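Novice: Below is a structure I'd like to ask you about.
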Amino acid sequence: MTKLGGTPTMTTRIFGSGIRRREDPRLMTGQADYTDDIRLRGMVHAAILRSPHAHAKINSIDTSAARNAPGVLAVYTGADTDGVLNPIPCAWLPPDSDIKAVDHPAMAVDTVRYVGDAVAVVVAESRYQAEDALELINVDYSALPSVVNPQAAMASGAPQLHEDAPNNQAFHWVVAGGDADAAFAAAAGDPQNHVVVSENIVQQRLIPNAMEPRSAVASWQSAMGELTLWSTSQNPHIVRFLCSLVTGIGEHKIRVIAVDVGGGFGSKVAMYADEMLATFCTMQLGRPVKWTATRSEGYMSTIHGRDHVQQVEMAATKDGKITGLRATVYAGMGAYLSTAGPGVPTILHGLMYSGPYEIPNVKGDIFGVFTNTTPVDAYRGAGRPEATFLLERMIELLAAELDIDPVEMRRRNLIQPFEDGHDVSTGLTYDSGNYQGTLDLALQHVDYPALRKEQTELRSQGQYMGIAVSTYCEICGLGPSQVAGAVGFGGGLWESAIVRFYATGKVNVFVGTSPHGQGEETTFAQIVSDELGVPVEDIEIIHGDTDITPMGWGTYGSRTTVVGGAAVVLSARKIKEKGKALAAHLLEAAEEDIEYEDGKFFVRGSPDQNKTIQDIALMANVAWNMPEGMEPGLEATTFYDPPNFSYPFGAHVAVVSVDADNGHIVLQRYVAVDDCGPQINPVIVEGQVHGGVVQGAGQALWEGVVYDDNGQLLTGSMLDYALPKAHLLPNIEVLSTVTPSPHNPLGVKGIGETGSIASTVTIYNAVIDALKPLGITKLEMPLSSQRVWQAIQQAKGA
Amino acid sequence: MYAPEFEYHRAATVAEAIQLLSSNEDAKLIAGGHSLLPLLKLRLARPSVLVDIGRISELKGITISDGTVRIGALTTHWEISSSHDLEHACGIMAEAAGGIGDTQVRNRGTIGGNVVHADPASDWPTVLTALGAKFNIQGAGGSTRTVEPGDFFVGPLTTTLGEQEVLTSIEAPTLGHHQRAEYAKMAHPASGFAVVGAAVVVTVEGDVCTAARIAVGGLVPVPVRMTSVETALVGKALNQENIAEAASHASNDLQGEILGDFFASAEYRKAMAEVEIRHALFHATEVSHH
Chain A
1 MTKLGGTPTM TTRIFGSGIR RREDPRLMTG QADYTDDIRL RGMVHAAILR
51 SPHAHAKINS IDTSAARNAP GVLAVYTGAD TDGVLNPIPC AWLPPDSDIK
101 AVDHPAMAVD TVRYVGDAVA VVVAESRYQA EDALELINVD YSALPSVVNP
151 QAAMASGAPQ LHEDAPNNQA FHWVVAGGDA DAAFAAAAGD PQNHVVVSEN
201 IVQQRLIPNA MEPRSAVASW QSAMGELTLW STSQNPHIVR FLCSLVTGIG
251 EHKIRVIAVD VGGGFGSKVA MYADEMLATF CTMQLGRPVK WTATRSEGYM
301 STIHGRDHVQ QVEMAATKDG KITGLRATVY AGMGAYLSTA GPGVPTILHG
351 LMYSGPYEIP NVKGDIFGVF TNTTPVDAYR GAGRPEATFL LERMIELLAA
401 ELDIDPVEMR RRNLIQPFED GHDVSTGLTY DSGNYQGTLD LALQHVDYPA
451 LRKEQTELRS QGQYMGIAVS TYCEICGLGP SQVAGAVGFG GGLWESAIVR
501 FYATGKVNVF VGTSPHGQGE ETTFAQIVSD ELGVPVEDIE IIHGDTDITP
551 MGWGTYGSRT TVVGGAAVVL SARKIKEKGK ALAAHLLEAA EEDIEYEDGK
601 FFVRGSPDQN KTIQDIALMA NVAWNMPEGM EPGLEATTFY DPPNFSYPFG
651 AHVAVVSVDA DNGHIVLQRY VAVDDCGPQI NPVIVEGQVH GGVVQGAGQA
701 LWEGVVYDDN GQLLTGSMLD YALPKAHLLP NIEVLSTVTP SPHNPLGVKG
751 IGETGSIAST VTIYNAVIDA LKPLGITKLE MPLSSQRVWQ AIQQAKGA
Chain B
1001 MYAPEFEYHR AATVAEAIQL LSSNEDAKLI AGGHSLLPLL KLRLARPSVL
1051 VDIGRISELK GITISDGTVR IGALTTHWEI SSSHDLEHAC GIMAEAAGGI
1101 GDTQVRNRGT IGGNVVHADP ASDWPTVLTA LGAKFNIQGA GGSTRTVEPG
1151 DFFVGPLTTT LGEQEVLTSI EAPTLGHHQR AEYAKMAHPA SGFAVVGAAV
1201 VVTVEGDVCT AARIAVGGLV PVPVRMTSVE TALVGKALNQ ENIAEAASHA
1251 SNDLQGEILG DFFASAEYRK AMAEVEIRHA LFHATEVSHH
């Protein structure tokens, strides 16, 4: 028998060590259980018929042939689900915005409003039979006029989507700080000393591409009145909550499982109709029902990202101090409000209009707009890439207008370093920042003057090289629950974690967050190991099953390590406190004389008189000799509600070349200097930055949803929607500085989205910089070869 | 992405495949499946019978003799791209094959399947047109015929291959000591297919181009020979100036239909034909200078 207790503990610090991701062997050898891998006895398969029209009346649906097709158990339409399933809720309703939370039925009842809107669901013994039967459903539509552009949708005479939302306006939300109108009036009144630049910016619509498509397996146990739902979710506890609202099943009778989820990037935050249809079907049929989206089905039915039309003005003094920012934004919401959709262009966007700069006067009019398109929601960065783009673009224009070097332009406006709190005009209080620090490191790393010299030389040879430097900061680590409530988020934003020691000294950590690729099975173990001296191999992180894990609000908004990690470390610290008390008892010493180091509790001055954490775990679990009044067990729970958001920041540099012959852009170099506070695992941080930068590069260079005028999705598959590919990218150079967050128990800030927040505009600005000799100041994204070539042709012709 | 129902037959010989095609009205051959399966999964093709010729060994392999490269129709892109013999005998084929799709596609996709699919955006039709390849076809009753690419490709996804015929092999001349060939393509960033592809085969004696065959694809329904460019090139020294001048004649040869879409308009593609021809010629001549 293995001897218990007394396991040797570690001496080197694991916090900050780039150990390999512990989840990878499972994920890479096919041993993960993704939702589509789930096979239950008696399971049947659902396939969903989706609208081919962007906007149409449903006159009739004939399902008789489908019902009689081989293997088919049932065919349901909106008439069947209407009144049984409640509408799919939107859970983020920004206050004071006149928001129209129109009903979003799980299946269209009489009107379809986008290509991909669910119209009928077939359940059959096999997916093939279900797909065959879909073709036998005859829907009689009367096509209606449609609109896909959010600005056009608000123009008079535009086709109307919802009776309750005149002019297709879903909401109008305003951010205001200082007095922007006065600042612009002052600039207009004193043109000798001021300058104003304005620009229309289009943040094109994007399709999130997680490797794993969305999937659901719903299993209703009628005898117990219980539902088990395997769901590709970033936040299974929210799914349980909302599923209860949609189906009427008690929240205590719903178990949502999302252990292995193959990426999300925000697209698996939302509550989808499809999972509720699978639930409806299992409740009707009493058999487990699986539905898995095909890739092209996902392109129509999984949320899209971005989709802003922005009209922006920036005012400054002639010596380059920004005095005001004004923006009017038309944010496409799609045909219905997705779960967190309205929060993205408002709270996560408008509140960041000061960025890392002192901008005393800010005003943003944000219009959420219904269009005949797939609903829009959070996609990696979610509102902050659009805000960073807007700021970095306008500063670039100001620099050009004033003939000030763009880096110098930023320096004149950056907030000075601060360690504990800085208020900006939008009303936020940033936690800590040293923007100059990241900028200096970035410039030094690339040797900025040398780069500019090289550019000058190449320009003299007729070659187009572009350089851009961005400084950014972003809001993440969502967030204080009180603020969540105040900004209309329909839930809390705290996290909880249970750290449980067994008699053998092994540890389970149960967390409410739901990592799906970010590596917290590794970093959370590092936190506990670092705190309590238990080897990482002895710690298992349990997440993604609502019956097993404590409540949590999920993984998005770069919050898992910041908020969930804080709950983990605080639980570990509670364990340490109890361990001290128990050790004092066992060592017959006063508790105040007990010290802890590297997994050992010892009497001050007598390190040999000690109890290891494993000794303590054994005694606490068998409870043979406990101090008076101490409960058995070695387990701690923490519910952690952060006092503030976290505000990571950085400086990014892009170097590009443009081939004037064909318009090809090559991203020659990309440097990311980010500050997310102390890094638990720098290799994972680097991976997050790589992924984020690449996703942002995708928006700048390749990705973009194209709808035709009739609302048909032309980029309906990976044949036409261009994702970044490895051979098109340089080695991304990742550097960092460390400025701890003053309010976080670990000092950490989020790092999952910084890359995508900063890289799009940095690359865009670099391309515009390359084309500066031609007088080109603006291009439509993605910066396709054709667009660049056309602009060059026009410029040369002019 | 679930194919409709079909019957499946596996043919052991070409004759059996032709027999199966004859006895089933809307039967389709399947080889590597990389053109047909996506169409089936999108339910854009609905053959009631699939005749699998994927295991007919007589249709596989590369042989080089007497100045001719003969490639069995079932030879995969990977086999072509990794053949050292072919690299020496007709390097442009190995090079073009290596630029098709990705590793998975090259491992399964076949040259014959690609050619008979006649996708305007694929690479083989353009390269084989420039090479002056020949397609060997077997029909009912053991009949055989040989056609040139110009008589084979009719339009997008359309060829002169009969319903009861099988493309068995492709032949191309080996490249001589004085010949240089290159394929340059502007790949679609999503699909990797050719937005514009240009294949050049030039004979160089001294510095002078004595013969040229140039074809472009991707932007046209079927590959187009660039005879104006060829004429402008022959007799000239292959320097930057002459190459650019010759390539500028490309638009003369592109008077027919030009394809365009939201990613790349017809106007852009037409301009890019000239650019890609130039790139191909530059690359080819750089090789000749070494």
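Chain order of the listed sequences is A and B. Take the first sequence: its letter number 414 is residue 414 in this note's numbering, and every next letter is one higher. Take the second sequence: its letter number 264 is residue 1264 in this note's numbering, and every next letter is one higher. Even for Gly, the Cβ is constructed at its ideal location relative to N, Cα and C. Predicted model, so just to flag it, every value in this text is computed and none were measured.
Are the CB atoms of A567/A and S496/A nearer to each other than 9 Å?
Specialist: The answer is yes: Cβ separation under 9 Å.
Novice: Give a yes or no on whether 9 Å exceeds the smallest Cβ distance from V1287/B to chain A.
Specialist: Residue confidence is low: V1287/B scores 41 on pLDDT, short of 50, so the model does not pin down where it sits. Its coordinate-derived value is still stated next. Chain A, which has no Cβ nearer than 9 Å to the Cβ of V1287/B, makes this no.
Novice: V534/A and G599/A: beta carbons closer than 9 Å?
Specialist: Yes, the pair counts as a contact, with Cβ atoms nearer than the cut-off.
Novice: Cβ atoms of V147/A and T328/A: under 9 Å apart, would you say?
Specialist: It is not a contact, given that the beta carbons lie outside the stated cut-off.
Novice: Over the uninterrupted alpha helix (DSSP H) stretch that includes C1090/B, give me the two end residues.
Specialist: Taken as a continuous stretch (DSSP letters only), the alpha helix (DSSP H) holding C1090/B covers 1084–1098.
Novice: Around the C-beta of E1044/B, are 16 or more other C-beta atoms found within 10 angstroms, so that it is buried, or is it exposed?
Specialist: Reading off the sequence shown, one finds Leu at residue 1044/B, where the question assumed Glu. By the 10 Å Cβ count, L1044/B comes out exposed.
Novice: Is the beta carbon of N434/A less than 9 Å from the beta carbon of T737/A?
Specialist: Yes, these two residues count as a Cβ contact at 9 Å.
Novice: Using 9 Å as the limit for Cβ to Cβ distance, is A1045/B near chain A?
Specialist: So, not an interface residue.
Novice: Give the straight-line distance between the Cα atoms of R411/A and Y357/A, rounded to the nearest whole angstrom.
Specialist: One C-alpha to the other measures close to 9 Å.
Novice: Please tell me whether M1/A has its Cβ less than 9 Å away from any Cβ of chain B.
Specialist: Interpretation of M1/A is limited by its pLDDT of 43, a score under 50 that renders its predicted location unreliable; no figure is taken from the coordinates.
Novice: When you compare only the Cα positions, how much space is there between G466/A and F418/A?
Specialist: Taking the straight line from one Cα to the other gives about 32 Å.
Novice: What is the DSSP secondary structure of G1112/B, reduced to helix, strand or coil?
Specialist: In this structure, G1112/B counts as helix in the three-state DSSP scheme.
Novice: Ordered along the chain, which non-local residues of its own chain (more than five positions away) have a Cβ less than 6 Å from that of A1097/B?
Specialist: Closer than 6 Å at Cβ, skipping near neighbours: H1077, I1080, S1081.
Novice: Could you run through the segment 1186–1200 of chain B and flag, in chain order, every residue whose CB is less than 7 Å away from some CB of chain A?
Specialist: From the segment 1186–1200 of chain B, only M1186, P1189, A1190, S1191 have a Cβ closer than 7 Å to chain A.
Novice: Please determine, among I757/A, I751/A, H743/A, I792/A, the residue with the shortest C-alpha to C-alpha distance to V767/A.
Specialist: Here the closest residue by C-alpha is I792/A.
Novice: On the three-pair Cβ rule with 8 Å, is the segment 670–680 of chain A touching the segment 100–111 of chain A?
Specialist: As far as the Cβ criterion goes, the segment 670–680 of chain A does not touch the segment 100–111 of chain A, which means the pair count is below three.
Novice: Is the Cβ of P1004/B closer than 9 Å to any Cβ of chain A?
Specialist: Closer than 9 Å to some Cβ of chain A, the Cβ of P1004/B qualifies, so yes.
Novice: Using the three-state DSSP reduction, which class does M1/A fall into: helix, strand or coil?
Specialist: At M1/A, the pLDDT of 43 sits below 50, so the modelled position is not reliable; the number obtained from the coordinates is stated separately. Looking at M1/A - three-state DSSP - the assignment turns out to be coil, as it is neither helix nor strand.
Novice: According to the neighbour-count rule (16 or more other Cβ atoms, all chains shown, within 10 Å of its Cβ), is W553/A buried or exposed?
Specialist: Buried, since its Cβ has 16 or more Cβ neighbours within 10 Å.
Novice: Measuring CA to CA, which of L779/A, G157/A, R500/A is closest to P145/A?
Specialist: Looking at the Cα atoms, G157/A is the closest of the given residues.
Novice: What do you get for P345/A, buried or exposed, if any count of 16 or more other CB atoms within 10 angstroms of its CB means buried?
Specialist: The residue in question, P345/A, is buried, as its Cβ has 16 or more Cβ neighbours within 10 Å.
Novice: Tell me whether I680/A sits in a helix, a strand or coil according to DSSP, three-state version.
Specialist: Coil.
Novice: Determine, using beta-carbon pairs with one atom in the segment 115–131 of chain A and one in the segment 389–397 of chain A, whether at least three such pairs fall under 8 Å.
Specialist: They do not touch, by the three-pair rule.
Novice: For Q1164/B, I'd like the list of residues in its chain whose CB is within less than 8 Å of its CB, leaving aside the five on either flank, ordered along the chain.
Specialist: For Q1164/B, where only same-chain residues beyond five positions count, the Cβ hits under 8 Å are I1018, L1021, S1022, G1139, A1140.
Novice: Can you tell me whether DSSP reads K453/A as helix, strand or coil?
Specialist: K453/A: helix per DSSP, three-state reduction.
Novice: Tell me the DSSP bridge mates of W220/A?
Specialist: Paired residues: L227/A.
Novice: Please confirm if M10/A has its CB atom under 9 Å from at least one CB of chain B.
Specialist: Bear in mind that the predicted position of M10/A carries a pLDDT of just 47, short of 50, making it unreliable; the figure below should be weighed with that in mind. No, M10/A lies away from the interface with chain B (no Cβ there is under 9 Å from its Cβ).
Novice: Flag Y1008/B as yes if its beta-carbon sits less than 9 Å from any beta-carbon of chain A, otherwise no.
Specialist: So no, Y1008/B is outside the interface.
Novice: So V706/A contacts chain B; which residues on that side make the cut at Cβ distance below 8 Å?
Specialist: Within chain B, the residues near V706/A are F1262.
Novice: Pull out every residue of the segment 654–681 of chain A whose Cβ sits closer than 7 Å to any Cβ of chain B, in chain order.
Specialist: Those residues of the segment 654–681 of chain A that come within reach of chain B (Cβ to Cβ, closer than 7 Å) are D661, N662.
Novice: Going by DSSP, what residue range makes up the alpha helix (DSSP H) through K576/A?
Specialist: Start and end: 565–586.
Novice: Please decide whether V1222/B counts as near chain A, where near means a Cβ-Cβ distance under 9 Å.
Specialist: No, V1222/B does not count as interfacial toward chain A.
Novice: Using the Cα positions of V469/A and S198/A, report the straight-line distance between them to the nearest angstrom.
Specialist: Computed Cα separation, rounded: 20 Å.
Novice: Any beta carbon of chain B sitting closer than 9 Å to that of K796/A?
Specialist: Chain B contact via Cβ: absent.
Novice: Three or more C-beta pairs under 8 Å: does that hold for the segment 1102–1117 of chain B against the segment 1175–1188 of chain B?
Specialist: Counting Cβ pairs under 8 Å, fewer than three are found: no touch.
Novice: Give the single residue among Y1183/B, S1248/B, V1147/B whose Cα lies nearest to the Cα of T1231/B.
Specialist: If we check each option's Cα against that of T1231/B, S1248/B comes out closest.
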